Amino acid sequence: MPDAACRRKFQRQILAWYAGAARDLPWRANRDPYRIWISEIMLQQTQVATVRGYFQRFVAAFPTVADLAAAEEAEVLRLWEGLGYYRRARQLHAAAQKIVAEHEGRFPRDFDQVLALPGIGRYTAGAICSIAYDAAAPILEANTIRLHARLLAYREDPTKTAGQRLLWSFAEHVLPDSDISSFNQALMELGSEICTPRNPQCEACPVATLCGARRQQAVAEIPAPKKKMKYEDRLEVAIVVRRKKEVLLRQCGPEERWAGLWDFPRFHVASEAELLSGELASQLHARTGLSAAIGSRLTTIKHGVTRYRITLHCHEAEGASGRLRKDETAPLVWASVDKLHDFALSTTGRKIARLLAK
-14 MPDAACRRKF QRQILAWYAG AARDLPWRAN RDPYRIWISE IMLQQTQVAT
36 VRGYFQRFVA AFPTVADLAA AEEAEVLRLW EGLGYYRRAR QLHAAAQKIV
86 AEHEGRFPRD FDQVLALPGI GRYTAGAICS IAYDAAAPIL EANTIRLHAR
136 LLAYREDPTK TAGQRLLWSF AEHVLPDSDI SSFNQALMEL GSEICTPRNP
186 QCEACPVATL CGARRQQAVA EIPAPKKKMK YEDRLEVAIV VRRKKEVLLR
236 QCGPEERWAG LWDFPRFHVA SEAELLSGEL ASQLHARTGL SAAIGSRLTT
286 IKHGVTRYRI TLHCHEAEGA SGRLRKDETA PLVWASVDKL HDFALSTTGR
336 KIARLLAK
């Protein structure tokens, strides 16, 4: 750990750099903990450029915790549509309801109370409390993990227990006595904009002279690379079932991918050959109560979800007949094609909806 003199120098240089380098981001307009919380949840596994527009639309629709708590989950999901990791939106909604029920609609100041909210971990609680309230709470997320690992020239995996213990200790050790709000934001900004994963701008770094990885000429090697994800190919089929100017939508069940969102009836198939068999029509009948032949292909969409690389074939259903089966966990509805924008659809569901609207 750096000694007191080195720590003070680090703090001064970080804060001086941030004073002139801080980006103008919509959630930095003030220190409202509600807005900071929304931005921190949105920024998890999502780029700043993507989050800007979503954040502004979301807080315009739900300007206060009470507004968010009172909203229907479907409306929350609709405004979240396209950000992915939809569990974040559901937990955000649940946390807002807890704040209204247990904290009279005021975002709590106490770190432990913030940490107890759904969807909030140690980093997010620290970010909210330090940025909004100037609390002496350390932070550690993707950008600061990389930054701190390089500063300490830590060559082991920083996401393992030993690495996390060291980096959290360092993050706490370097906290200043005041202006912690700016300091923690500066650390994240430095990691995001200067100390990048590839081709970091060391010549522009305000603390380059304090960087252990730079002294050892090991910046490109630190942090230790993660093991590459092994992806599994998966073939799926979405069926567009029509009734005059309406199409059939199904709400994904609680344990399914995209839980709570709407999608066209979708099935996993083992092979292309299964598309040509009657098995898919049988599955459609079992899930919806409708009998239909699987007709022409409308489009093919390739996308990735977690460890899967999915090829999704979208087909028309032909000659649909029967009565919709009732399923409280995954409701089925007929939706007008020109009203599909009112539904919170899965990413691929939205692409299909745009195709149908043409």
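Reminder that position 157 of the sequence shown reads as 142 in the working numbering, one-by-one numbering, no gaps.
Glycine is no exception: its CB is placed at the ideal position from the N, C-alpha and C atoms.
Predicted model only: the values in this text are computed from it and were never measured.
Looking only at its own chain, which residues have a Cβ that is under 7 Å from the Cβ of residue i, when we skip the five neighbours before and after it?
i: residue 283; result: 225, 299, 300, 301, 340
i: residue 268; result: 252
i: residue 338; result: 325, 330
i: residue 214; result: 292
i: residue 264; result: none
i: residue 40; result: 11, 12, 23, 24, 27
i: residue 350; result: Given that the chain is displayed from residue -14 to residue 343, the structure contains no residue 350 and the question cannot be resolved.
i: residue 201; result: 138
i: residue 185; result: 179, 204
Which same chain residues, not among the five before or five after residue i, have their C-beta less than 8 Å away from its C-beta?
i: residue 106; result: 100
i: residue 313; result: none
Beta-carbon within less than 6 Å of residue i's beta-carbon, same chain only, minus the 5 sequence neighbours each way: which residues are those?
i: residue 25; result: 109, 112
i: residue 18; result: 92, 113, 117
i: residue 53; result: 47, 81
i: residue 353; result: The shown model of the chain, from -14 to 343, leaves out residue 353, and the question about it has no answer.
i: residue 308; result: 274
Suppose you measure from the CA of residue i to the CA of residue j; what does that come to, to the nearest Å?
i: residue 169; j: residue 296; result: 42 Å
i: residue 156; j: residue 275; result: 58 Å
i: residue 188; j: residue 128; result: 18 Å
i: residue 75; j: residue 121; result: 29 Å
i: residue 336; j: residue 143; result: 38 Å
i: residue 290; j: residue -12; result: 45 Å
i: residue 178; j: residue 32; result: 12 Å
i: residue 246; j: residue 318; result: 13 Å
i: residue 173; j: residue 85; result: 30 Å
i: residue 35; j: residue 67; result: 10 Å
i: residue 9; j: residue 197; result: 30 Å
i: residue 104; j: residue 311; result: 32 Å
i: residue 64; j: residue 342; result: 20 Å
i: residue 320; j: residue 220; result: 26 Å
i: residue 175; j: residue 243; result: 34 Å
i: residue 272; j: residue 315; result: 10 Å
With DSSP as the reference, identify every bridge partner of residue i, one or two as the case may be.
i: residue 343; result: In DSSP, residue 343 forms no bridge with anything.
i: residue 236; result: 247
i: residue 287; result: 296
i: residue 220; result: 254, 296
Do the region 218 to 237 and the region 322 to 335 make contact, defined as three or more Cβ pairs closer than 8 Å? In short, these stretches touch, since the Cβ pair count reaches three.
Fully enclosed by the region 124 to 210, which beta strand (DSSP E) runs are 3 residues long or longer? Within the region 124 to 210, no beta strand (DSSP E) run of at least 3 residues lies entirely inside it.
Assess, as a yes-or-no matter, whether the region 302 to 310 is touched by the region 265 to 280 under the definition of 3 or more beta carbon pairs within less than 8 Å. Inter-segment contact for the region 265 to 280 and the region 302 to 310 is present: three or more beta-carbon pairs are separated by less than 8 Å.
Contact between the region 144 to 158 and the region -7 to 10 (3+ Cβ pairs under 8 Å): Contact between the region 144 to 158 and the region -7 to 10 is absent, because fewer than three Cβ pairs lie under 8 Å.
Can you confirm whether the region -2 to 5 touches the region 66 to 79 when touching is taken to mean that 3 or more C-beta pairs between the two stretches lie within less than 8 Å? Segments in contact, no.
Between the region 129 to 139 and the region 189 to 196, can you find at least three pairs of beta-carbon atoms closer than 8 Å? With three or more CB-CB distances shorter than 8 Å, the region 189 to 196 counts as touching the region 129 to 139.
3-residue-minimum beta strand (DSSP E) runs that sit fully inside the region 87 to 130, ordered along the chain: Counting only runs of 3+ residues, no beta strand (DSSP E) is found wholly inside the region 87 to 130.
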